[in-house]
Amino acid sequence: KFDNIWCHGDLAKITIHGGLTIYGRSDATLNPGGVRIGTAEIYRQVDNMDEVIESIAIGQDWDNDVRVVLFVILQDGITLSDDLIKKIKSTIRSNTTPRHVPAKVIQVSAIPKTLSGKIVELAVKNVVHGRPVTNTDALANPEALEQYKDLDELMN
Numbered sequence: 001k002f003d004n005i006w007c008h009g010d011l012a013k014i015t016i017h018g019g020l021t022i023y024g025r026s027d028a029t030l031n032p033g034g035v036r037i038g039t040a041e042i043y044r045q046v047d048n049m050d051e052v053i054e055s056i057a058i059g060q061d062w063d064n065d066v067r068v069v070l071f072v073i074l075q076d077g078i079t080l081s082d083d084l085i086k087k088i089k090s091t092i093r094s095n096t097t098p099r100h101v102p103a104k105v106i107q108v109s110a111i112p113k114t115l116s117g118k119i120v121e122l123a124v125k126n127v128v129h130g131r132p133v134t135n136t137d138a139l140a141n142p143e144a145l146e147q148y149k150d151l152d153e154l155m156n
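Numbering-wise (our numbering), the sequence shown opens with residue 1 and increments by one.
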C-alpha cells in the first residue's frame with residue numbers, strides 16, 4: 001500500500017495529545033453514502049438464511065459513491081433467482097438499515113480466504129476494481145479470485 005511502510009489495515013487516529021485511537025478493520029468497513037457499515041452486520045443476517053452457505057461483501061466505487069455488493073455461495077441445487085435476491089435484501093433491510101442492503105447480489109462458487117481461514121474482502125475489492133492483489137501467497141485458494149474479475153453484473 002505504501003512503499004517501505006508496513007500497513008496493518010486498521011483505521012486509527014492520532015489524537016492531539018499524541019495518543020492513538022484504533023477504530024477497527026478499515027478493510028471490513030463499507031461507506032455507502034458516507035455511512036460507515038461493518039460487513040459483519042450484513043453477514044449476521046445472510047448467514048442465518050438456509051439457502052446461503054457463506055457470503056462476502058465489498059464496497060464498489062460507483063457513481064461518485066460506494067455501493068454494497070454481496071457475493072453468496074448457495075446450498076447445492078439452489079440458484080440465485082430474483083425471488084431469492086429479494087429475500088436476501090428484505091432480510092438485511094428488516095434487521096439493519098436501508099444502507100446495508102446490497103445494490104448487487106451475485107452468486108459465486110468460492111470465496112477467497114487466508115491460510116488461517118479468514119475471508120479476504122480487500123482482495124476481492126481489488127479484483128473487482130481491476131487492481132492487483134499483491135499477497136496471493138497468503139491465500140489458501142487464490143484461484144477463487146478469478147470469478148470476481150470483469151463481471152458483467154458490476155458494469156451497470
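Ideal Cβ positions, reconstructed from N, Cα and C, are used throughout, including at glycine. Quick caveat: nothing in here was measured; it's all calculated off a predicted structure.
Does any residue of chain D bring its CB to less than 7 Å from the CB of residue i?
i, result
"residue 41", "Absent from the structure is chain D; it holds one protein chain and no more."
Can you grab the Cα-Cα spacing for the pair residue i / residue j, in whole Å?
i, j, result
"residue 81", "residue 21", "43 Å"
"residue 127", "residue 48", "27 Å"
"residue 156", "residue 62", "9 Å"
"residue 109", "residue 124", "14 Å"
"residue 73", "residue 130", "22 Å"
"residue 38", "residue 98", "14 Å"
"residue 29", "residue 36", "6 Å"
"residue 106", "residue 16", "44 Å"
"residue 33", "residue 66", "7 Å"
"residue 113", "residue 40", "16 Å"
"residue 68", "residue 96", "14 Å"
Taking C-alpha atoms, which residue in the options lies nearest to residue i?
i, options, result
"residue 153", "95, 104 and 44", "104"
"residue 64", "31, 44 and 134", "31"
"residue 42", "94, 16 and 137", "94"
"residue 78", "51, 119 and 151", "51"
Taking 6 Å as the cut-off, is the beta-carbon of residue i closer than that to any non-hydrogen atom of the ligand ZN?
i, result
"residue 45", "The ligand ZN is absent from the structure shown, which contains no ligand whatsoever."
Give the C-beta separation of residue i and residue j to the nearest angstrom, bearing in mind that I take them to be a contact with Cβ-Cβ under 8 Å.
i, j, result
"residue 144", "residue 111", "6 Å"
"residue 46", "residue 85", "Between residue 85 and residue 46 the Cβ distance is about 12 Å, and since that is not below 8 Å, they are no contact."
**Study point:** Runs of alpha helix (DSSP H) wholly within the segment 45 to 106 (minimum 4 residues, chain order)
**Key:** Entirely contained in the segment 45 to 106, the alpha helix (DSSP H) runs reaching 4 residues are, in chain order, 82 to 95.
Check your understanding: Is it a yes or a no for the segment 94 to 110 touching the segment 53 to 67, going by three-plus beta-carbon pairs under 8 Å?
Key -> The segment 94 to 110 makes contact with the segment 53 to 67: 3 or more CB pairs, one atom from each, lie closer than 8 Å.
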